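Chemist:
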Amino acid sequence: MSKKGFNPLEKQSSTISNAQVLSLMAAYNFAVQTLAKPVEEKKSVGSAVRSAKRQFGEFAHISSTGESVFFQGRHVENKCPVSNIRVKLSNMVGIGELEALYKATGIPQLHPNPERRMA
């Protein structure tokens, strides 16, 4: 028995890559959050953390696994300050993640419904 309103044949991924999300965040003046001290590198995921530090800086707020970075800025629609916006650094953005990013930032290009996106 499937969930009401869920079509398993419907594609469940978006067409937006994380690189596109990062460039949109920069275009709308969202900045990487900083920490008082650098994220400690664990041996098992040290290379991912080092790579993220090279890309965003030594004191950037990077997840402990190096897979995500956190941004802060102002919501595009209501101009309220927002922080702790998590963006993954690889692969495509999923539908749920895209919706969460849109709600957190208000960036029109991140709207989960393609017909509602502004180009």
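In the numbering used here, the protein residues as written are 747 to 865.
For every residue, glycine included, the Cβ atom is placed at its ideal position computed from N, Cα and C.
What you are looking at is a predicted structure, and each value in this text was computed from that prediction instead of being measured.
What does the alpha-carbon distance come out to for the pair F736 and K788?
Modeler: Outside the displayed range of the chain (747 to 865) lies residue 736, so it cannot be described from this structure.
Chemist: For K779, which three-state DSSP category applies?
Modeler: In the sequence under discussion, the amino acid at residue 779 is Gln, which differs from the Lys named in the question. Coil.
Chemist: With F816 and R832 assumed to form a contact (beta carbons below 8 Å), what rounded beta-carbon distance in angstroms separates them?
Modeler: Right, the Cβ-Cβ distance comes to about 6 Å (below 8 Å), so this counts as a contact.
Chemist: State the CB to CB distance for the pair I808 and V785, rounded to an integer number of angstroms; the pair is presumed to be in contact (CB under 8 Å).
Modeler: Indeed, because the Cβ distance is near 5 Å, the residues count as touching under 8 Å.
Chemist: Under DSSP, the alpha helix (DSSP H) around I841 begins and ends at which residues?
Modeler: Start and end: I841 to T851.
Chemist: Tell me whether P827 sits in a helix, a strand or coil according to DSSP, three-state version.
Modeler: Strand, per DSSP.
Chemist: Rounded to whole angstroms, what's the CA-CA distance from S821 to N859? Just pull it up for me.
Modeler: Note that residue 821 corresponds to His in the displayed sequence, not to Ser. Those two C-alpha atoms are separated by around 19 Å.
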